[in-house]
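Take any residue in the sequence shown, count from 1 to its spot, add 3: that is its number in this note's numbering.
Quick reminder that beta carbons are idealized off the backbone N, C-alpha and C, glycines included.
Just so it is clear, the structure is predicted and the values come from calculations on it, not from any experiment.
To start, the structure itself, in structure tokens.
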Amino acid sequence: MLQVSNHIKKCFLLLGLLNVIYFTVYLLKSQTGSWDGLINTEPENLNVDLEQQTDPQHDGHDYEQEIQKLLDEVAENKDNKHWLHNTQLIHTSIDINPQDFLNDTTSKSAWRNKNTLFFDPRVTLALYLNHIRHQFELPESNQNQISVPFAWSDWIDLTGLNADLEKPLDQRNNCKWVREFSIIESSVPDEVLQCCDNKDITPRMLEQFGFQRHEQLPGFITYGHSVKRAFQKVRLAQAKSYALTHMPNPYSILFLNKDGGTYEVSVDGNEETNGRIVNTGMMNEFVHRNLPKDSKTVPDKWTFDPVTEFKALKKAVKPHILAPEDDVLGMYKTTHKKGTSKALPLPAEAFDYTAANLSRQRILLQRLAGQKDLTKRE
4 MLQVSNHIKK CFLLLGLLNV IYFTVYLLKS QTGSWDGLIN TEPENLNVDL
54 EQQTDPQHDG HDYEQEIQKL LDEVAENKDN KHWLHNTQLI HTSIDINPQD
104 FLNDTTSKSA WRNKNTLFFD PRVTLALYLN HIRHQFELPE SNQNQISVPF
154 AWSDWIDLTG LNADLEKPLD QRNNCKWVRE FSIIESSVPD EVLQCCDNKD
204 ITPRMLEQFG FQRHEQLPGF ITYGHSVKRA FQKVRLAQAK SYALTHMPNP
254 YSILFLNKDG GTYEVSVDGN EETNGRIVNT GMMNEFVHRN LPKDSKTVPD
304 KWTFDPVTEF KALKKAVKPH ILAPEDDVLG MYKTTHKKGT SKALPLPAEA
354 FDYTAANLSR QRILLQRLAG QKDLTKRE
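This is the structure in structure tokens:
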């Protein structure tokens, strides 16, 4: 029995030795590229080959060069593929015909008379910054009381609706289309989709939305959030329709300044009127202020550059800086003073809630539980 056991051990040892020999030969063959090379390989040459395989400088894959190649591709930014890498402002100006944005023109080329929407943030920012600067410069101005008109269609890109707005009214997507591409039971009424058809819009609603004709609105109007799931294209159309007509205006607009301070203006509180640029006369005022005195006609080409306008605003108006007593955590000092740590202090006292704050939260929760509407400030 003992002899059988010894024979088994010897068999396993022999098998292990054969495996070692096989894998050693296989490794050497893969390094030399052929069996002939293996036969002619001397020990000293074999050592050199192994060292070269472990030395990155002799590896065939120079990682530093590969990384640099990738960085060069990002810097070159061919076909604007790596546009996020470039944070510098380029193409900040745009040439447009200001007459197309006047609010008292009957021209068919004017945007207030077209069915489609225009959007370019350079125009919006340049107009608003110029308007705000002149409001601040008025002798009777109060920086805390300056307000501006507002419409979401001037601040976010809703031109995705143009494909629908270019069609005749009877060919545009309606609430039936929204329902068709939504996951909704047949027994659920249309009201759940928070949708109404264009034909159901009243003249008063048209005026509130800031438009003159039904043709200037999409085939369906979304007036609230639908909890029913829908295809992505439907969700996008719903969101843009809602932003164009029913999304509440912000309370204020805040312009940040990397040199310190901010510029803040309130948004006109009248939510009954849509403050589109083409309706408010903001372009009319801009032309009147900036047209040379010897010019009697408005040129059909004008350059708008928000960077230039912002520099003019900073030069003319001092930005608002948070008072030290209001900056409880010293954030302004931490982020702007040179040579200081940028770590924001968060003392335990900052998380202490006063009885007044707790009481206010309880009231808000009670109102939410009772499904009462919150005020705009809340």
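- DSSP places residue 233 in the strand class (E or B) of the three-state scheme.
- Ranked by how close their Cα comes to the Cα of residue 222, the residues 339, 244, 139, 235 have 244 in first place.
- Annotated as proximal: residue 103 and residue 112, with beta-carbon spacing under 7 Å.
- The segment 60-99 contains, as complete alpha helix (DSSP H) runs of 4+ residues, the segments 66-79 (chain order).
- Counting along the chain, no beta strand (DSSP E) covers residue 367; the unbroken alpha helix (DSSP H) around it starts and ends at 358-372.
- Partner residues in a beta bridge of residue 143, as assigned by DSSP, do not exist.
- Shown here, residue 224 sits in a strand according to DSSP, grouped into three states.
- Contact annotation: residue 268 and residue 149 have beta-carbon atoms nearer than 7 Å.
- The beta carbon of residue 279 sits closer than 7 Å to the beta carbons of 154, 156, 157, 213 from its chain, once the five residues preceding and following it are set aside; these are given in chain order.
- In the DSSP assignment, residue 210 falls within the alpha helix (DSSP H) that extends over 206-212.
- Spanning the alpha carbons of residue 181 and residue 204 requires a straight line of approximately 17 Å.
- Here residue 168 is near residue 119, since their CB atoms are less than 7 Å apart.
- The alpha-carbon of residue 255 is positioned some 27 Å away from that of residue 91.
- Fewer than three pairs of CB atoms, one per stretch, sit closer than 8 Å, so the segment 123-142 makes no contact with the segment 341-359.
- Out of 72, 82, 286, the CA that lies nearest to the CA of residue 127 is found in 286.
- Put simply, of 161, 311, 353, 314 the residue whose alpha carbon is nearest the alpha carbon of residue 333 is 353.
- By the neighbour-count criterion, in which a residue is buried when 16 or more other Cβ atoms sit within 10 angstroms of its Cβ, residue 77 is exposed.
- Rounded to whole angstroms, the gap between the alpha carbons of residue 179 and residue 226 is 15 Å.
- Between the alpha carbons of residue 138 and residue 258 lies a gap of roughly 15 Å.
- Around the beta carbon of residue 326, fewer than 16 other beta carbons sit within 10 angstroms, so the residue counts as exposed.
- Looking at 124, 288, 100, 211, the one whose alpha-carbon comes closest to that of residue 251 is 211.
- By the neighbour-count criterion, in which a residue is buried when 16 or more other Cβ atoms sit within 10 angstroms of its Cβ, residue 176 is buried.
- With respect to the C-alpha of residue 247, the residue from 224, 100, 117 having the closest C-alpha is 224.
- For residue 232, the closest of 209, 196, 208 by C-alpha to C-alpha distance is 196.
- Look at residue 331 here: in three-state DSSP terms it is coil, with no helix or strand label.
- With a minimum length of 4 residues, the unbroken runs of alpha helix (DSSP H) contained wholly in the segment 103-173 fall at 124-140, 165-168.
- With at least 16 other beta carbons inside 10 angstroms of its own, residue 313 counts as buried.
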